[in-house]
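J.: Please see the structure below; I have some questions.
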Amino acid sequence: MAAKNTLDYVRRSLLLLRRPKGFEGQIASNLQVVEAAPGRAVCTMPIEERHLNRVDSLHGGVIASLVDIGGSLAISSMGCYLTGVSTDLSVSYLSGSKIGDTITIDSRCTRIGKTLAFTTVDILHGERLLAQGRHTKFIGKSLALQKQLEHEGVVPPGGVATGDQFNGRY
Numbered sequence: 001m002a003a004k005n006t007l008d009y010v011r012r013s014l015l016l017l018r019r020p021k022g023f024e025g026q027i028a029s030n031l032q033v034v035e036a037a038p039g040r041a042v043c044t045m046p047i048e049e050r051h052l053n054r055v056d057s058l059h060g061g062v063i064a065s066l067v068d069i070g071g072s073l074a075i076s077s078m079g080c081y082l083t084g085v086s087t088d089l090s091v092s093y094l095s096g097s098k099i100g101d102t103i104t105i106d107s108r109c110t111r112i113g114k115t116l117a118f119t120t121v122d123i124l125h126g127e128r129l130l131a132q133g134r135h136t137k138f139i140g141k142s143l144a145l146q147k148q149l150e151h152e153g154v155v156p157p158g159g160v161a162t163g164d165q166f167n168g169r170y
């Protein structure tokens with residue numbers, strides 16, 4: 001997948017994550033994909049009041065959710081719009097951030113196997129590393145469904161499905 005196509009593909013995958021009924025849409029409504037290449041997705045997000053904890057710093061739960069979303073986008077940069085389900089997620093919190101800061105979520109897919117995908121996500125404010133996460137996802141059923149949808153002609157190869165196209169199969 002060419003870099004331009006990868007960027008478009010990851011942006012379309014983010015739209016799928018933002019579907020109105022999903023939790024990701026609440027966290028990532030202002031997340032922007034600014035760069036993507038196979039195995040990597042880079043996003044930015046301004047910190048708003050809803051992202052803060054009780055001491056007015058970026059909430060750890062928001063950071064963990066961004067590791068989840070960033071990992072999914074890195075997997076999607078490899079051509080997988082159905083990015084599986086989390087099996088493991090860990091976060092090291094290194095520094096805080098406040099309202100008005102724009103953070104960068106730099107996500108890399110370090111390995112995709114037959115059933116598991118492994119990602120690493122750095123969350124930064126400027127050059128300062130705020131948190132680093134590792135995220136493992138089970139993708140076995142997702143890859144099988146993606147191939148089936150492409151085979152059935154529901155989604156063209158290299159296309160991104162919408163939630164309506166899954167018909168309860170995912």
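For what it's worth, our numbering labels the leading residue of the sequence shown as 1, then goes sequentially.
Even for Gly, the Cβ is constructed at its ideal location relative to N, Cα and C.
Express the C-alpha separation of L15 and F23 in angstroms, rounding to a whole number.
T.: Taking the CA atoms as reference points, F23 sits about 13 Å from L15.
J.: Assign D56 to one of three DSSP states: helix, strand, or coil.
T.: coil
J.: In whole angstroms, give me the CA-to-CA distance for M45 and T120.
T.: 18 Å
J.: Look at the alpha carbon of K114 and the alpha carbon of I69, and state the distance between them as a whole number of angstroms.
T.: 21 Å
J.: Apart from the five residues just before and just after V33, which ones in its own chain have a Cβ nearer than 8 Å to its Cβ?
T.: Around V33: L7, V10, R11, L14, A41, V42, C43 and L73.
J.: Would you kindly report the start and end of the unbroken alpha helix (DSSP H) that includes E24?
T.: F23 to I27
J.: So the candidates are I105, G60, L58 and I75; which of them puts its Cα closest to the Cα of L124?
T.: Ranking I105, G60, L58 and I75 by Cα distance to L124 puts I105 first.
J.: For T87 and F118, I'd like the C-alpha separation in whole angstroms.
T.: If I take the Cα positions, the gap works out to 10 Å.
J.: Between which two residues does the beta strand (DSSP E) containing H125 stretch?
T.: L116 to H125
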